[in-house]
Amino acid sequence: MDLISRLKENLETDINNLGYELVDCEFVSEGKNKILRFFIYKEGGVTIDDCEKVSNFLNEKLDELDLIKSFYYLEVSSPDLSRPLKTDRDLERNKDELLNLKLKNGDVILCHIKEIKDDYLLLDKEGEDFKIAKSDIKTIKIEIVF
30 MDLISRLKEN LETDINNLGY ELVDCEFVSE GKNKILRFFI YKEGGVTIDD
80 CEKVSNFLNE KLDELDLIKS FYYLEVSSPD LSRPLKTDRD LERNKDELLN
130 LKLKNGDVIL CHIKEIKDDY LLLDKEGEDF KIAKSDIKTI KIEIVF
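Taking the numbering used here, the leading residue of the sequence shown gets 30, the next gets one more, and so forth.
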């Protein structure tokens, strides 16, 4: 099991119990720095106080787990609009949004989600319904329209 999966397995329930949803987690290198980022969500929006609360919890819990041996910076924030939607909960929350689906074959589809199933999505593209297998999708993002 990779680091991110282990972190999610060990921390997601506790983060939920604090009143937040763990949307995503990443461990990245930026220049010479390693950064462990947690993206959290709560109905009504995430405040700096929310980020601080989760960060304080994670500092203690991550020390207990001791899964990362090198020095890193911990960041906790709310997800931004340009990030990929990765979970069914992400998709459900954004059902009313116009979405940009990039398919593995290179096609791009602008559509709305009607239904989320285990292995496919039922989509609405300009009034026409169609199904697409989740396995055919490379990324899903909110289409930002100005």
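Ideal Cβ positions, reconstructed from N, Cα and C, are used throughout, including at glycine. Since we're looking at a predicted model, the values are computed, not measured.
- For V52, the secondary structure class from DSSP, reduced to helix, strand or coil, is strand.
- Taking a 10 Å sphere around the C-beta of L114, we find 16 or more other C-beta atoms and assign the residue as buried.
- By the C-beta density criterion, D119 is buried, having at least 16 other C-beta atoms within 10 angstroms.
- The Cβ neighbour count for I77, taken over all protein chains shown within 10 Å, is under 16; the residue is labelled exposed.
- DSSP places E121 in the helix class (H, G or I) of the three-state scheme.
- In the assembly as shown, D79 is a buried residue. Its beta-carbon has 16 or more other beta-carbons within 10 Å.
- One thing to note: D148 has its Cβ no nearer than 7 Å to the Cβ of K131.
- Here S106 is bridged, per DSSP, to F68.
- Shortest Cα-Cα distance from S99 to any of Y70, L32, L151 and F67 involves L32.
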